[in-house]
Amino acid sequence: MGVPIKKILAIFSLTLLLIPLGNVFAFSNGQAATVVVGQGTFTTGTAGTTATTLTNPVGISYDSAGNLWVADTSNNRVLKYAAPITTGEAATVVIGQGSFTTGTGGTTATTLKTPTGISYDSAGNLWVADEGNSRVLEYAAPITTGEAATVVVGQGTFTTNTAGTTSTALGHPDGISFDSAGNLWVADTGNSRVLEYAAPITTGEAATVVIGQGDFTTGRETSGLQTLITTVH
Numbered sequence: 002m003g004v005p006i007k008k009i010l011a012i013f014s015l016t017l018l019l020i021p022l023g024n025v026f027a028f029s030n031g032q033a034a035t036v037v038v039g040q041g042t043f044t045t046g047t048a049g050t051t052a053t054t055l056t057n058p059v060g061i062s063y064d065s066a067g068n069l070w071v072a073d074t075s076n077n078r079v080l081k082y083a084a085p086i087t088t089g090e091a092a093t094v095v096i097g098q099g100s101f102t103t104g105t106g107g108t109t110a111t112t113l114k115t116p117t118g119i120s121y122d123s124a125g126n127l128w129v130a131d132e133g134n135s136r137v138l139e140y141a142a143p144i145t146t147g148e149a150a151t152v153v154v155g156q157g158t159f160t161t162n163t164a165g166t167t168s169t170a171l172g173h174p175d176g177i178s179f180d181s182a183g184n185l186w187v188a189d190t191g192n193s194r195v196l197e198y199a200a201p202i203t204t205g206e207a208a209t210v211v212i213g214q215g216d217f218t219t220g221r222e223t224s225g226l227q228t229l230i231t232t233v234h
């Protein structure tokens, strides 16, 4: 029987990551960026709603093919940039909107409202923390433009967005990640807690673990989930 691999669960204000122990990421102070997306050059910063522009992006993730996915928060959408990523590249897929030139928020299976964290599960499905709707959504692979979500947690249906403090409700979640067993972890920012949803994830599922609070019905709002680190087996 093998030795379980420990991971670090790192929670920051808008990010939740599960990082295998021993991984090292090295960067130099003042290191220059080599590629920019959302702008055509490194010296411009104009927001927009097209396939080549962004407005206040918050979350990013990569799929198994190396494509970049960006939560374009103020445009209420998530964009895919096909690998290899190049400066000024146009996105090839958008979800949360039906086209690259619309950015209206909504509360349905095909719309988003200020999405933040994004992550992939082991089956290649995309999960989005839809902060403005107090929910997390699953989009089944392969992801296509305008695709409807197939699973929602934090709400009982795709057309409700009531924030709450129970094992089945969320209050403006921001960060999401998966552990090696396929369980979903959600930084429930407005409730100052992190929740685990046991795999396989289903619509309206109740969380099974809470950290940051002593039970599922307390959620004192503070300055947010800033830095909480624990070891997950």
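At position 193 of the sequence shown (counting the first as 1) the number is 194 in my numbering, and the numbers step up by one without a gap. Glycine included, every Cβ here is placed at the ideal spot set by N, Cα and C.
Nearest residue (CA-CA) to residue i, options the options
{"i": "glycine 220", "options": "Leu185, His173 and Thr44", "result": "His173"}
{"i": "proline 116", "options": "Ser178, Val59 and Tyr82", "result": "Val59"}
{"i": "glycine 155", "options": "Thr145, Val187, Gly67 and Asp122", "result": "Val187"}
{"i": "phenylalanine 179", "options": "Lys81, Gly191, Gly157 and Glu139", "result": "Glu139"}
{"i": "valine 36", "options": "Thr44, Ser29 and Asn30", "result": "Thr44"}
{"i": "glycine 49", "options": "Thr105, Gly176, Ala34 and Asn30", "result": "Thr105"}
{"i": "tryptophan 128", "options": "Ile177, Asn184 and Asn30", "result": "Ile177"}
{"i": "glutamate 132", "options": "Gln32, Asp175, Gly213 and Asn184", "result": "Asp175"}
{"i": "proline 201", "options": "Arg194, Leu171 and Thr209", "result": "Thr209"}
{"i": "glycine 41", "options": "Glu90, Ser135 and Ser62", "result": "Glu90"}
{"i": "asparagine 57", "options": "Val38, Glu148 and Leu185", "result": "Val38"}
{"i": "threonine 73", "options": "Thr190, Leu55, Ala66 and Thr145", "result": "Before going further, note that residue 73 is aspartate rather than threonine in the sequence given. Of Thr190, Leu55, Ala66 and Thr145, the residue nearest in Cα terms is Leu55."}
{"i": "phenylalanine 101", "options": "Ala110, Thr145, Tyr121 and Val137", "result": "Thr145"}
{"i": "threonine 161", "options": "Tyr198, Gly107, Glu148 and Ser75", "result": "Gly107"}
{"i": "alanine 149", "options": "Gly157, Thr203 and Thr112", "result": "Thr112"}
{"i": "valine 71", "options": "Thr47, Ile119, Ala34 and Thr88", "result": "Ile119"}
{"i": "valine 152", "options": "Tyr198, Ser29, Gly191 and Thr103", "result": "Tyr198"}
{"i": "aspartate 122", "options": "Ser65, Lys81, Phe159 and Lys114", "result": "Ser65"}
{"i": "phenylalanine 217", "options": "Gly191, Ala33, Val137 and Thr166", "result": "Thr166"}
{"i": "glycine 215", "options": "Gly31, Tyr82, Ser29 and Ser168", "result": "Ser168"}
Where residue i sits in the DSSP three-state scheme
{"i": "glycine 213", "result": "coil"}
{"i": "threonine 151", "result": "coil"}
{"i": "glycine 220", "result": "coil"}
{"i": "threonine 117", "result": "strand"}
{"i": "glycine 133", "result": "helix"}
{"i": "serine 123", "result": "coil"}
{"i": "serine 29", "result": "coil"}
{"i": "serine 65", "result": "coil"}
{"i": "glutamine 98", "result": "coil"}
{"i": "isoleucine 6", "result": "Reliability fails at isoleucine 6, whose pLDDT of 46 lies under 50, so the model's placement of it is uncertain and the value that follows must be treated cautiously. In this structure, isoleucine 6 counts as coil in the three-state DSSP scheme."}
{"i": "threonine 44", "result": "coil"}
{"i": "glycine 225", "result": "Any reading at glycine 225 is ruled out, since the residue's pLDDT is 43, under 50, leaving its predicted position unreliable."}
{"i": "valine 233", "result": "The predicted model places valine 233 with a pLDDT of 39, which falls under 50 and marks its position as unreliable; any figure quoted below should be read in that light. It is a strand residue."}
Cβ-Cβ separation, residue j to residue i (assumed contact under 8 Å), whole Å
{"i": "isoleucine 86", "j": "leucine 69", "result": "5 Å"}
{"i": "alanine 142", "j": "alanine 130", "result": "Contact doesn't hold; Cβ gap of about 18 Å is too wide."}
{"i": "alanine 164", "j": "serine 135", "result": "4 Å"}
{"i": "glycine 99", "j": "alanine 84", "result": "Rounded, the Cβ-Cβ distance is 25 Å, inconsistent with contact."}
{"i": "glycine 157", "j": "glycine 205", "result": "5 Å"}
{"i": "glycine 213", "j": "valine 195", "result": "6 Å"}
N- and C-terminal bounds of the beta strand (DSSP E) containing residue i
{"i": "leucine 55", "result": "From DSSP, leucine 55 is part of no beta strand (DSSP E); its letter is neither H nor E."}
{"i": "valine 79", "result": "78 to 82"}
Contact test: residue i Cβ vs the ligand FAD heavy atom, cutoff 7 Å
{"i": "threonine 56", "result": "Absence of the ligand FAD from the depicted structure is noted, as is the absence of any ligand whatsoever, leaving it without description."}
Completely contained beta strand (DSSP E) runs for the region 158 to 197, where each covers 3 or more residues: Whole beta strand (DSSP E) segments, 3+ residues: 176 to 179 and 185 to 189.
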